[in-house]
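Peer 1: Chains as they are written, first to last, in this note's numbering: chain A, 103 to 438; chain B, 103 to 438. All residues carry an ideal CB built from backbone N, CA and C; glycine is no exception. Here the structure is a predicted model, which means the values were calculated and not measured. Let me begin by handing over the structure; questions about it come next.
There are 2 protein chains.
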Amino acid sequence: MRHRLKDVAERAGVSVKTVSNVVNGYLHVRPDTRARVEQAIAELNYRPNLSARNLRKGRTGVIALALPELDIPYFAELARHVVTAAAEHGWTVLIDQTGGGPEQERKAASGIGDHMIDGLIFSPLALTADDLAGLDGMPMVLLGERVDHGRADHVMIDNVAAARQITAHLAGLGRRRIAAIGSQRTPEGASARLRLAGYAAALAEADISYDERLVAPAPAWHRADGAAAMRHLLSGGVRPDAVFCFNDTLALGALRALHEAGLRVPEDVAVAGFDDIEDGRFSIPTLSTVAPDKERIARLAVDLLAGRLDGDRDAPPRELVAPHQLALRESAPDLI
Amino acid sequence: MRHRLKDVAERAGVSVKTVSNVVNGYLHVRPDTRARVEQAIAELNYRPNLSARNLRKGRTGVIALALPELDIPYFAELARHVVTAAAEHGWTVLIDQTGGGPEQERKAASGIGDHMIDGLIFSPLALTADDLAGLDGMPMVLLGERVDHGRADHVMIDNVAAARQITAHLAGLGRRRIAAIGSQRTPEGASARLRLAGYAAALAEADISYDERLVAPAPAWHRADGAAAMRHLLSGGVRPDAVFCFNDTLALGALRALHEAGLRVPEDVAVAGFDDIEDGRFSIPTLSTVAPDKERIARLAVDLLAGRLDGDRDAPPRELVAPHQLALRESAPDLI
DNA sequence: AACGTTGTATCTAACGTTGTAAAGAACCGG
DNA sequence: CCGGTTCTTTACAACGTTAGATACAACGTT
Chain A
103 MRHRLKDVAE
113 RAGVSVKTVS
123 NVVNGYLHVR
133 PDTRARVEQA
143 IAELNYRPNL
153 SARNLRKGRT
163 GVIALALPEL
173 DIPYFAELAR
183 HVVTAAAEHG
193 WTVLIDQTGG
203 GPEQERKAAS
213 GIGDHMIDGL
223 IFSPLALTAD
233 DLAGLDGMPM
243 VLLGERVDHG
253 RADHVMIDNV
263 AAARQITAHL
273 AGLGRRRIAA
283 IGSQRTPEGA
293 SARLRLAGYA
303 AALAEADISY
313 DERLVAPAPA
323 WHRADGAAAM
333 RHLLSGGVRP
343 DAVFCFNDTL
353 ALGALRALHE
363 AGLRVPEDVA
373 VAGFDDIEDG
383 RFSIPTLSTV
393 APDKERIARL
403 AVDLLAGRLD
413 GDRDAPPREL
423 VAPHQLALRE
433 SAPDLI
Chain B
103 MRHRLKDVAE
113 RAGVSVKTVS
123 NVVNGYLHVR
133 PDTRARVEQA
143 IAELNYRPNL
153 SARNLRKGRT
163 GVIALALPEL
173 DIPYFAELAR
183 HVVTAAAEHG
193 WTVLIDQTGG
203 GPEQERKAAS
213 GIGDHMIDGL
223 IFSPLALTAD
233 DLAGLDGMPM
243 VLLGERVDHG
253 RADHVMIDNV
263 AAARQITAHL
273 AGLGRRRIAA
283 IGSQRTPEGA
293 SARLRLAGYA
303 AALAEADISY
313 DERLVAPAPA
323 WHRADGAAAM
333 RHLLSGGVRP
343 DAVFCFNDTL
353 ALGALRALHE
363 AGLRVPEDVA
373 VAGFDDIEDG
383 RFSIPTLSTV
393 APDKERIARL
403 AVDLLAGRLD
413 GDRDAPPREL
423 VAPHQLALRE
433 SAPDLI
């Protein structure tokens, strides 16, 4: 039941190329011819075979978005914005879930439906600079922390500044034993390091000494890790009076652990997160957090990719910084 | 920098077809020839052009998953399972976000990268039976409530039974003024209707009369809608002592509204949801809910689609029911 | 009336891959 | 060492589309 240009051409009594011209909006087609062709197209419910078109044109109209995990709210929200922004360019987005492992990420970066995608927006976790080297020029925009200095276009937010601001906010509430949850020593933990640096900087500015015992690592940044890390902190020698969690899901887990320990938030312990996911606006208490402009991030990434595709593929890579704000809610309000 | 079979063939000193044979694992290739070809492939970093392959083979290796919204946790979790299940069949999943509107859904169902996908797994909200009619046989599996009796393969859970069970649980706790949040009158509200029917059935079984005033509609099923509906119920004449929310995000919103009203959960009002999303395991309090077997749903859908693609495309449509359980947590525990 | 100019439609050759058929090489038993 | 298998490789023709060249009208100009 699938028809080809040829079928339409026969039905309309014209050549294949004429039908192609109509489909592609070529100007010099006589109105009555055009009408006849369009009617034939409608009657046969013709749709172009994109594989064939792509083969011919070298463009697919599909870009890929490679993310560590789809069911991490931050990535899901980001994905929505990317899909929306891409639609404005007439692109379909193929979403690829890498799982964050190095092997899968390498495969995603180089392999996703080879020649099936025009470009890639990629939020790597485990990928290193070396991995990026062998990608024979697939147009690519990286999200998040820089993996490699200037090998590809890049969209990020100022993690250090954001972490510093939210930590400073906690200090501004008079808290002195400010813990951090989410540190990572792995090379993948680029975000973790930047946010830790911002945390440390804010402590220094507030004349609070950095205390190892208040910095809790988290293997992944899920709710369960946040809860576990919080329990660990509570069982340690120094009872924190505030916690900066390196993302919101960690913070939600921490809230849970604090609740189970019978501590009040923010009275006993103030809590802050990072990402501004939807959950944090309805959690009990609602979550103070860093709010990156996700829509902006998505749009910048898509536009950057568009520029690469339309223009000079060998132009020097660009790095864009998207804005962020503090969203102050109940878990660490403006005034207590 | 992109190479073709021809380039590999020249470098290895063989014909194009021999390279193709090696790439496709054809048996009768002499070991040394194979080795030579493989080396050439490695040296040139050759990757097949999938558009060309698809054009030739008529198969793309890509299936689409069309969902209303990616940042609804239930769909995000489902998407992850579908991607995993599809990977076992060697498929890539193109995730399409329809937004749930009729126009976009129609487009998604008929249009996504035409000829770019082998089949479609589709979770429709607004689509009607008529819309499904004009899809010239794109292999498709529907998720969720049946749109049309037997026009396409279908995977669902027993919504009526599940809603009845969780409502019965609330009644079993001794609650008598059990409210429902999430009713919808639109044709899209198929799930809403089934869950409402289950709710009503459970009330009848428990000899509780159905009270209009305890049934709150929700235009969408987001957290904000749940909170608004809960506030509305609390301001009404009848103060509920339990609430069954038609999904978990509604329930999380309801928890928030109850908290703001100073009511304790579950002591004053027990709360139950539907979907068993990750959030509900860490919310305060944790959420009692219906837990559909999402992994099973995804696997059944993918397998059903695989059957369609490999086998008889005109076989009568099948409807499969995936299991569900009750996950009883703090918001409506087993015993109070 | 012959001319270029423009508008309209067609013809041919790709794009990179794989299925088919067939050719050539190597091997077997007699 | 012949005839027949089996193994190995190749040539050719598609798959459905579009770019480019080309043919043919129709037009206004000289």
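1. Would A:Glu190 count as contacting chain B if we go by Cβ distances under 8 Å?
2. Let's test the definition: count the other Cβ atoms within 10 Å of the Cβ of B:Gly246 and tell me whether it reaches 16, buried, or not, exposed.
3. Looking only at its chain, what residues have a beta carbon closer than 6 Å to the beta carbon of B:Asp297, apart from the 5 residues adjacent to it on each side?
4. At a Cβ threshold of 8 Å, is B:Val243 touching chain A?
5. Can you look up B:Glu380 in the DSSP assignment and give me helix, strand or coil?
6. Looking at A:Val184 and A:Leu406, is the spacing between their C-beta atoms short of 8 Å?
7. Checking contacts by CB at 8 Å: is A:Ala447 closer than that to chain B?
8. Which chain A residues sit within Cβ distance under 8 Å of B:His361?
9. On the premise that A:Val367 lies in contact with A:His191, defined as a C-beta separation below 8 Å, what is that separation, rounded to the nearest angstrom?
10. Run the CB neighbour count on B:Arg175, radius 10 Å, all protein chains shown included, and call it buried at 16 or more, exposed below.
11. Mind checking B:Leu305: buried by the 16 CB within 10 Å criterion, or exposed?
12. Cβ of B:Glu207 less than 8 Å from any chain A Cβ?
13. For the alpha helix (DSSP H) containing A:Ile223, name the first residue and the last one.
14. Note down the Cα distance separating B:Ala331 from B:Ser337, rounded to an integer number of angstroms.
15. May I have a chain-ordered list of the alpha helix (DSSP H) segments no shorter than 4 residues that lie completely inside the stretch 313-337 of chain A?
16. For A:Thr288, tell me which candidate among A:Ala282, A:His324, A:Ala320, A:Asp395 has the shortest Cα-Cα distance.
17. What first and last residue would you give for the alpha helix (DSSP H) that runs through B:Phe177?
18. Looking at the structure shown, is B:Pro425 part of a helix, part of a strand, or coil, going by DSSP?
19. Just the chain B side, please: which residues come within less than 9 Å of A:Thr185 by C-beta, in chain order?
20. May I ask you to list, following chain order, the residues of the stretch 372-385 of chain A that have a beta carbon less than 8 Å from some beta carbon of chain B?
21. DSSP state of A:Ala170, grouped into three classes?
22. So, for B:Glu145: in the same chain, excluding its five sequence neighbours on each side, which residues have a beta-carbon less than 8 Å away from its beta-carbon?
23. Contact between the stretch 152-171 of chain A and the stretch 151-169 of chain B is defined here as three or more beta-carbon pairs at a separation below 8 Å; is this criterion met?
24. With a threshold of 7 Å on Cβ separation, who are the neighbours of B:Ala263 within its own chain once the five nearest residues in sequence on each side are excluded?
25. Quick one: is A:Glu179 near chain B, going by C-beta distance under 8 Å?
26. Pairing CB atoms from the stretch 375-382 of chain B with CB atoms from the stretch 116-135 of chain B, are three or more of them under 8 Å?
27. If I measure Cβ to Cβ from A:Ser433 and keep anything under 6 Å in the same chain, skipping five residues before and after, which residues do I get?
28. Would A:Pro175 pass as an interface residue toward chain B - the criterion being a Cβ-Cβ separation below 8 Å?
29. Would you mind reading off the limits of the alpha helix (DSSP H) that contains B:Val340?
30. Compare the C-beta of A:Ala154 against all C-beta atoms of chain B and say whether one is closer than 8 Å.
31. With burial defined as no fewer than 16 other Cβ atoms inside 10 Å of the residue's Cβ, what is the status of A:Gln427: buried or exposed?
32. With a 10 Å radius around its C-beta and 16 neighbouring C-beta atoms as the bar for buried, classify B:Arg315 as buried or exposed.
33. Using a Cβ-Cβ cutoff of 8 Å, what residues of the stretch 327-338 of chain A are near chain B? List them in chain order.
34. Name the DSSP beta bridge partners of A:Gly165, please?
35. Rounding to the nearest angstrom, what Cα-Cα distance links A:Glu140 and A:Lys119 in this structure?
36. Given a cut-off of 8 Å on the beta-carbon distance, is the pair B:Leu169 and B:Ser225 in contact?
Peer 2: Let me lay it out:
1. no
2. buried
3. Sequence check: residue 297 of chain B is Arg here, not Asp. Excluding residues within five positions, the ones whose Cβ falls inside 6 Å are Asn261, Ala265, Phe348.
4. no
5. helix
6. no
7. There is simply no residue 447 of chain A to check, as chain A begins at 103 and stops at 438 in what is shown.
8. Ile386
9. The Cβ separation is near 43 Å, so there is no contact.
10. It is Pro, not Arg, that sits at residue 175 of chain B in the sequence shown. By the neighbour-count rule (16 or more Cβ atoms within 10 Å), B:Pro175 is buried.
11. buried
12. no
13. Not the alpha helix (DSSP H): A:Ile223 falls in the beta strand (DSSP E), residues 221-224.
14. 10 Å
15. 325-336
16. A:Ala320
17. 175-190
18. coil
19. One point to set straight first is that residue 185 of chain A is Val, not Thr, in the sequence displayed. Neighbours of A:Val185 on chain B, chain order: Leu172, Ile197, Asp198, Gln199.
20. Glu380, Asp381, Arg383, Phe384, Ser385
21. Correcting the residue type first, residue 170 of chain A is Pro in the shown sequence and not Ala. Three-state result, A:Pro170: coil.
22. Arg113
23. yes
24. Gly300
25. yes
26. no
27. Val367, Pro368, Val373, Pro387, Leu389, Ser390
28. yes
29. Neither: B:Val340 is in no alpha helix (DSSP H) and is coded neither H nor E.
30. yes
31. exposed
32. exposed
33. Ala329
34. According to the sequence shown, residue 165 of chain A is Ile rather than Gly. A:Val195, A:Gly221, per the DSSP bridge assignment.
35. 14 Å
36. yes
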